[in-house]
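Heads up: the sequence lines are chains A, B, C, D, E and F, in that order.
Be aware that the first sequence starts at 1, since it is given in the numbering used here, and climbs by one per residue.
Be aware that the second sequence starts at 332, since it is given in the numbering used here, and climbs by one per residue.
Be aware that the third sequence starts at 663, since it is given in the numbering used here, and climbs by one per residue.
Be aware that the fourth sequence starts at 994, since it is given in the numbering used here, and climbs by one per residue.
Be aware that the fifth sequence starts at 1325, since it is given in the numbering used here, and climbs by one per residue.
Be aware that the sixth sequence starts at 1656, since it is given in the numbering used here, and climbs by one per residue.
Ideal Cβ placement from N, Cα and C applies to all residues, glycine included.
6 protein chains.
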Amino acid sequence: MSLKIVTLGEIMMRLTVAGRHRFSQASDFSAVYGGAEANVAISLSQWGCEVEHVTALPKHDFGESVLKYLRASRVGTQYIPRKEGRLGLYFLEVGAMQRASRIIYDRSDSVFSQISAEDFDWDEIMDGMDWFHWTGITPAISENALQLTRKALEAAKKHGVKVSADINYRRNLWQYGVSPVEVMPELISYSQLIVAGQTDLENCAGIQEDTFEKSCEEAFHKFPALKYITTTERNSISADQNELSGILLTPDVSYKTKVFQMDQLVDRIGGGDAFIAGLIYGLEEFGEEKGLDFATAASVLKHSIPGDANEVSVEEVLALVENKNVGRLLR
Amino acid sequence: MSLKIVTLGEIMMRLTVAGRHRFSQASDFSAVYGGAEANVAISLSQWGCEVEHVTALPKHDFGESVLKYLRASRVGTQYIPRKEGRLGLYFLEVGAMQRASRIIYDRSDSVFSQISAEDFDWDEIMDGMDWFHWTGITPAISENALQLTRKALEAAKKHGVKVSADINYRRNLWQYGVSPVEVMPELISYSQLIVAGQTDLENCAGIQEDTFEKSCEEAFHKFPALKYITTTERNSISADQNELSGILLTPDVSYKTKVFQMDQLVDRIGGGDAFIAGLIYGLEEFGEEKGLDFATAASVLKHSIPGDANEVSVEEVLALVENKNVGRLLR
Amino acid sequence: MSLKIVTLGEIMMRLTVAGRHRFSQASDFSAVYGGAEANVAISLSQWGCEVEHVTALPKHDFGESVLKYLRASRVGTQYIPRKEGRLGLYFLEVGAMQRASRIIYDRSDSVFSQISAEDFDWDEIMDGMDWFHWTGITPAISENALQLTRKALEAAKKHGVKVSADINYRRNLWQYGVSPVEVMPELISYSQLIVAGQTDLENCAGIQEDTFEKSCEEAFHKFPALKYITTTERNSISADQNELSGILLTPDVSYKTKVFQMDQLVDRIGGGDAFIAGLIYGLEEFGEEKGLDFATAASVLKHSIPGDANEVSVEEVLALVENKNVGRLLR
Amino acid sequence: MSLKIVTLGEIMMRLTVAGRHRFSQASDFSAVYGGAEANVAISLSQWGCEVEHVTALPKHDFGESVLKYLRASRVGTQYIPRKEGRLGLYFLEVGAMQRASRIIYDRSDSVFSQISAEDFDWDEIMDGMDWFHWTGITPAISENALQLTRKALEAAKKHGVKVSADINYRRNLWQYGVSPVEVMPELISYSQLIVAGQTDLENCAGIQEDTFEKSCEEAFHKFPALKYITTTERNSISADQNELSGILLTPDVSYKTKVFQMDQLVDRIGGGDAFIAGLIYGLEEFGEEKGLDFATAASVLKHSIPGDANEVSVEEVLALVENKNVGRLLR
Amino acid sequence: MSLKIVTLGEIMMRLTVAGRHRFSQASDFSAVYGGAEANVAISLSQWGCEVEHVTALPKHDFGESVLKYLRASRVGTQYIPRKEGRLGLYFLEVGAMQRASRIIYDRSDSVFSQISAEDFDWDEIMDGMDWFHWTGITPAISENALQLTRKALEAAKKHGVKVSADINYRRNLWQYGVSPVEVMPELISYSQLIVAGQTDLENCAGIQEDTFEKSCEEAFHKFPALKYITTTERNSISADQNELSGILLTPDVSYKTKVFQMDQLVDRIGGGDAFIAGLIYGLEEFGEEKGLDFATAASVLKHSIPGDANEVSVEEVLALVENKNVGRLLR
Amino acid sequence: MSLKIVTLGEIMMRLTVAGRHRFSQASDFSAVYGGAEANVAISLSQWGCEVEHVTALPKHDFGESVLKYLRASRVGTQYIPRKEGRLGLYFLEVGAMQRASRIIYDRSDSVFSQISAEDFDWDEIMDGMDWFHWTGITPAISENALQLTRKALEAAKKHGVKVSADINYRRNLWQYGVSPVEVMPELISYSQLIVAGQTDLENCAGIQEDTFEKSCEEAFHKFPALKYITTTERNSISADQNELSGILLTPDVSYKTKVFQMDQLVDRIGGGDAFIAGLIYGLEEFGEEKGLDFATAASVLKHSIPGDANEVSVEEVLALVENKNVGRLLR
């Protein structure tokens, strides 16, 4: 597929405790890079799209490491300023059985949070693009990042670029004095496709309804540009065992996939990003119903792969949609 | 909680085969220290109790390593003599699927087995203490260790210290010419709380009844000081999948928790010790019913953590009791 | 058991990606040696049989490593020529959840594929032997290997050696211009026991029937020497979770074991070889019904053990047949 | 030795790239905790001193991990407040051959940098103590940390506690608007023993002389309380090969040790801290000349041990002073 | 530097035995990709050149992995056909002390060896390029690869592209029936710069003189286009300790660097490639004398870095040229 | 070479601390099996001798592992009883720089120490053998082991088998009430070749002379059967750097090899065993002078190889004798 896509967002170093140990037992960490939007970028690039990722990176070696990581997956890096400062990072303790997974964030004051709208010429970036993807994490980071998102969205609109957003409400962000309901509705209004659950809609769009369906109805009403609301339903039986299904609503129709059993999860980080990447790809290639199946299957497969990125091919995702090769040994 | 607790027992080095290999394939071992009673000590210390652990350790570096390990968890080490000799150890092959886990013990002639009652001033140790915990492993090791247990129990009684015991009958111990039924009843008679299953009661208290309930009735009759008999019911579906529930009996009432599904066990060693620690803590803090829930949940969480020690907080155990956060990703 | 057994077949280096990573993420590989027939040899040798494995190995160090590996398990190596050339190898990406496991073969032009019938004196090899085991992989490799198999089978017949064969049809082999249906029926005709599923019978014996049972009936008709057809039924719920049962047919009777649940598979490579080894041993020791139980239980246990070889004792297999010790902690 | 010692300073997580890789190749890190002053504390505690370390730690799990680490070595932790915020950290790329080792610091805005003088009752802390050790890193971190150091020094003077300081000038600190020459002379004036090289004296005491000896003369003149200036001379032949000698000056005498060849360095972090700990211990136990030998030998041995802490006994250091057991195999 | 460079050559997977073990003890391998010419490409790309690498890769996942590897370092991959077949590979046993390092090659019949001159439009590739680098390994692999080299060189000449060659005579290649002296002189005649020692000149250019200097004189005579002959002098004291110096000859002048001591080598594979990359860069940027220093220092640093690629910056190489920062700890 | 050799001695599990950590930091151990005499057996078997190793092993899995280990190297295991009891083991902390390596032995009460002379039919074992090798470790272990050694030596004499002995005086053995000078002279008197230094001769043969040469003179006088006294001279510059030379004395001549520099030692355990194996082989194949060179070169190479066994070929040893290939990269 030859879709041209821009993604915007912070990339962090994830430091995962080795060997099922707890933070208090940790002596070894494995490091990967990732970020909600960059994860989407990598999925789409691997599936044949031309993707540019917009972010800021520190001048030190880990900045270069992130560039290497993006380039390896053919994600464009030409709009990435290098700045003095730190790379955001977080520590992950992987849960087991009933014991929950836990994250210690250490992302404040990263170079991305200090990014300035002036660092980018959005007209140049958006020119000729088909799609722009952002998430609610970016405006939650800092006033600067909020302005940057706004500028990007204005340019996307000006250049006729379709917009998708993962609302992704995070209570522990939004620390800079602005409430999401004050600013997110405007940003959402630029978007044709959003990933949002009921609480996201409540916290970021100020929509309080009894059911998810009613909240969506209200959202379609409130945001005329909006064509799709999508989400996944996750049932956490244990840290190792989840169930996942995908939901897609238009103002007229709603779709729901079957429930995928996910036993012995390998890595759940990036599962949501794999879903939205799958939906962007799937809607274009396969339409609404099969597109949702594709997105959900892509997300399921992500849970079997270490790291943030969804290292699967279109063929592998389609095989799962058709329930082929499941758990087999392919010689 | 400010309970003051004494525990008594051997600490060994556990050498676990790396990477699901069998003993016959083993080339790498990871080492942790642990012992049934020290595991209880660490749990209780982490939950805020003041705990002294009484044992003996070799003079060489691994003796110092054990001290470091105890001190790290704030377990008191002032009553631990260092002696010429060896540290008991055992090798663990972790099972998988239907294949059972296996242990090769190599604990004979350890410094603990040669410990002498004269090495300790039990009056000093028990003075001001609230609780003393011992297990049936100690008197099973050697004549010396039996005498030591007896002295400790006499002192506990003298100083009004409550006593708990994990009967823990092990056929491959008791090699020094004494049969458990000859000596255990006397030791048990000092205890207010015991962990015992039906076979434990048969082998160590000489109680042979048709059902566990009847055996307990008989035990309450035989041991007037006894207030609680407790045990866990474990169903081993496979080496990776167990079911666990907790049972607590008083002379009047009996409690049983729900059955916890434990899939993808990480480390079952210390699961029973986590239970009894949870019960000591739980009875004091929450009473009988919730105390048993707390104990069982603590034991379940232990199965998700590598090593002998139960590295969980009171809050985490209580969350599982209330079925909160199970298998989630806590940001 | 004092059965004297000859096995024939290629041994390869298996390079397994470490840590659940995909090929595209691989930076570390663990290496083991194995081959369908050698895996059978090792099982039988460990259970007390006298086994000679016939193969060819390169002159370089990995050839010596394979010899060490065989000798360690008491498998005879006196009929193994060392030749200039390469050791066949393959890369394994271990699947997870719905994601399938995958193999990249790199075995062409190995020294085994260039093996010559003249390298061996089959009269000497077969003399005094009780059993000869071969698989459909060998004649699929090269014209030379086909000739070699034929010579071995002729000698087996001449010396009154019983013959078993794992048909094991592999589409990606058979590249040297011969179709299996042209040559396999003759080779099969020497065998008293074959492992074959319906597709194997179709592709290698040219038998096309509606059901496996009918195909077997036809096979018994077509191959008068044949006494047993056996196979396993595997249900791949996921890469980590399979179900397995064993089937054994004679011209008169058919047996099927219960279905074994295999959760959290450790290593499925060699599972089929463990089965046929178990059946050869089981038929001799326990007869048809219990022999099949033994074979299936042996195969189940193999799935819990890293590497190609089934490092289990007869006692462990029998315990599983009787559902003893399952998933326990044996002190 | 029963010296009672207080140390003050930040503790960070050190994340060392595994396996001689560069930052740009890093995927695994090993984590240890350490800090210049805490490293001194641990050395002295292991050699029998009673040590309290004063610092601040975050409320999250890594704060608890640091406490565990200190307690394991018997370092007192009663004056350590837990605060909301981050733990300072740094990444280490270990050099090889001519290639230098490199550090990426990520310590800004740590809880320690936000520590307040009001968090501590220095009268209580210093009461009954024999020695107080601080370094020039602490006042370099933040205005708060500067005030804290000043309060500590005032209390030390008031309570008659001896003071040692490692001047340790770091250009990349001192970012909060104060120049070291403005404030360090006052702080140094409280100290009886300082570790300082010629550039330290220039940058922190404003002393510019032609030679180190003259600078020291000037320093003794400027700081009447000062009895000892000490330093190590390190010759970096390569990242793996250094030469080290120790120097100690009093107003009257100067001592220099022999040059120790250090080939195949294991870990040079903490080498200076091992030296000053050795000198504090050595001056008390052995006097000036042998004390300096002890300090230098302690530092040499530190370079052979992974981690920040110098895990050596007094006996081992003394053996090296006497050139015994060097590189032997002690059975 | 904005030099535009083309490199041509095979890329293999290198499987290095983990942990100083011998092949006969090997159970774990780490995998990196590399090839003499691609190593040069990566060095130059990292230093700012625009580089296209020409090769052929298999269709399976490891082909994609190689592309990822090249892209990560900004090496252009647009002229790389993907073909059915295998990736060449080799196993490396790293020596220690007097014990030599050893390689088991397994590269025959790789897709690169079957590459066809028709797979490439050399006019398109060479157009606008400044430099073309090849090595004597390529024509040694197969008749096809020889033809390909010839076509590339003809196109280079036609487009006025400067040519460098690493003669790199390997006795164990050249197996396809052609002798190097028959074909290499023609190929060398296109080159302005060659890396060659005395034996290379003898085996590949048929030049037999008493000394390297005389051989070079003869070579300049025989190959009029040749401006530079260069080589390194390596003294292998042990597997861990080498000495290295660089030599550069023009028809008129000769340069030799100082001797660099290399103790505790980390990885010597790619050391020669780092040298030639350094010389290409150095001659353009710094001229002959300093260029040779740059090349030799680059090669020295390579020996300190795991993997084939020389992950160093121009600044780091220049620092070593000026003997700065050697073995230091750069904070 | 077709020499038939018997060796006698205990095999232990060696547990080596991973990653240069100290015992007090150890959490991972790698396990190998070895023993002074078995190490000799493996060397000689790899060089073509027919070797039987006599020992006793426990019935549990590690006993089987030792058998696998011996069989892999073609060492005969037919005279090895399996007994109830433990396998001796020891822990090794590998030194670094000036820091010495250290061993914690845990070998008491092993099955070997309880071995009985009645367990073996020495007439059968010695029949047809050429050489018997024992060490002073065996009689030092227990009264039983002493008797066993005596019986073996008597049988060797009776069957005309040549005898070599590594005197190997260990102060921390000989704990069972017998002094080496009481029993060793008789045992030594059976031997034609002994490895002994001056202190060995003093402690085990009661020979006190000023110099090693004089002690040897006296030994040749005292033990008429003795033809060779040999030893190595080791200079421990650091744990990583040793110098080694070999010495061989006959009653008439004395030989000394050059001094081998051993930098960056990989594993020194088994270095002496490699020497004596080399001398047994070398004397037979190459005579006294070259035999000593062979022995010393074999020992040097052992220091470059992890584990107890000397995994080198005769060709590799000879290459080092001739100073060929030292530290090279052999393609």
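C-beta neighbour in chain F for residue i, strict 7 Å
| i | result |
| --- | --- |
| C/Arg733 | yes |
| D/Arg1321 | yes |
Where residue i falls, given that 16 or more other Cβ within 10 Å makes a residue buried
| i | result |
| --- | --- |
| A/Leu265 | buried |
| F/Asp1855 | buried |
| C/Gln708 | buried |
CB contact check: residue i to chain B, cutoff 7 Å
| i | result |
| --- | --- |
| A/Ser101 | yes |
| C/Ser966 | yes |
| F/Arg1741 | yes |
Neighbour flag for residue i against chain A, beta carbons, 7 Å
| i | result |
| --- | --- |
| E/Lys1392 | yes |
| B/Leu651 | yes |
CB-CB length for residue i against residue j, believed under 8 Å
| i | j | result |
| --- | --- | --- |
| E/Ile1461 | E/Arg1494 | 6 Å |
| E/Ala1355 | C/Asp690 | 7 Å |
| A/Val54 | A/Leu3 | At roughly 17 Å, the Cβ-Cβ gap does not stay under 8 Å, so A/Val54 and A/Leu3 are not in contact. |
| D/Leu1285 | D/Gly1239 | 5 Å |
Listed by chain order, chain A residues near residue i by CB distance under 8 Å
| i | result |
| --- | --- |
| D/His1014 | By Cβ distance, chain A contributes nothing, its closest Cβ being about 11 Å from D/His1014, past 8 Å. |
Proximity test, Cβ basis, 7 Å: residue i and chain D
| i | result |
| --- | --- |
| A/Ser27 | yes |
| F/Ala1751 | yes |
| F/Ser1954 | no |
Proximity test, Cβ basis, 7 Å: residue i and chain C
| i | result |
| --- | --- |
| B/Ser569 | yes |
| E/Ser1348 | yes |
Chain E contact for residue i (CB, 7 Å cutoff)
| i | result |
| --- | --- |
| C/Ala807 | no |
9 Å Cβ cut-off: residues of chain F touching residue i
| i | result |
| --- | --- |
| E/Glu1496 | With the sequence shown as reference, residue 1496 of chain E is identified as Asn, and Glu is not the correct amino acid for it. Under the 9 Å cutoff, chain F gives Arg1986. |
Residue i: contacting residues in chain C (beta-carbon distance under 8 Å)
| i | result |
| --- | --- |
| F/Arg1729 | Arg733 |
Interface residues of chain F facing residue i [CB-CB closer than 7 Å]
| i | result |
| --- | --- |
| D/Gln1257 | Ala1751, Met1752, Asp1895, Gln1919 |
Neighbouring residues, chain C, relative to residue i (Cβ below 7 Å)
| i | result |
| --- | --- |
| B/Arg599 | Leu991 |
Cross-chain neighbours of residue i in chain E, by beta carbon under 8 Å
| i | result |
| --- | --- |
| C/Leu677 | Leu1339, Phe1353 |
Checklist entry - Which runs of the alpha helix (DSSP H) fall wholly inside the segment 1546 to 1586 of chain E and span at least 4 residues, in chain order? => result As far as the segment 1546 to 1586 of chain E is concerned, it has no whole alpha helix (DSSP H) run of at least 4 residues.
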